[in-house]
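Student: So that we are looking at the same thing, I have put the structure below in structure tokens.
Numbering (this note's numbering), first residue to last: 4 to 102.
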């Protein structure tokens with residue numbers, strides 16, 4: 004299997020990446036930064052463990068839904084948890100945003 008070709012198919016062009024970035028609001032960008040910061044840990048980011056999750060649940064739900072729909076983050080089951088991790092496209096956005 005040619006993984007270089009597969010990764011090339013999973014990446015966005017610069018034009019598409021800039022367009023999708025322009026559609027992200029402040030809440031989605033905050034959620035993305037949280038996932039990007041936690042991406043180096045083996046357990047990713049659990050949104051329910053965020054300190055202000057109960058007060059801002061709607062904001063987080065909307066932000067993570069938008070990021071997941073655009074292909075920037077994904078969940079991976081680890082036991083009974085479903086933490087968020089960056090995708091290949093999310094890593095592209097991380098470079099673009101300079102995180």
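By construction, the Cβ of each residue, glycine as well, lies at the ideal position given by its N, Cα and C atoms.
On a predicted model such as this, the values are computed, not experimentally measured, just so you know.
First and last residue of the beta strand (DSSP E) that includes residue 88?
Tutor: Residues 87-89.
Student: For the pair the region 47-61 and the region 85-99, tell me if three or more CB-CB distances fall below 8 Å.
Tutor: Verdict: yes, contact present.
Student: Inspect the beta-carbon positions of residue 38 and residue 70 and report whether they are closer than 9 Å.
Tutor: Cβ atoms of residue 38 and residue 70: closer than 9 Å.
Student: Do residue 75 and residue 53 have their C-beta atoms within less than 9 Å of each other?
Tutor: Against a cut-off of 9 Å, the Cβ pair of residue 53 and residue 75 comes out as no contact.
Student: Just to confirm, is the Cβ distance from residue 34 to residue 67 under 9 Å?
Tutor: Cβ distance < 9 Å, so residue 34 and residue 67 count as in contact.
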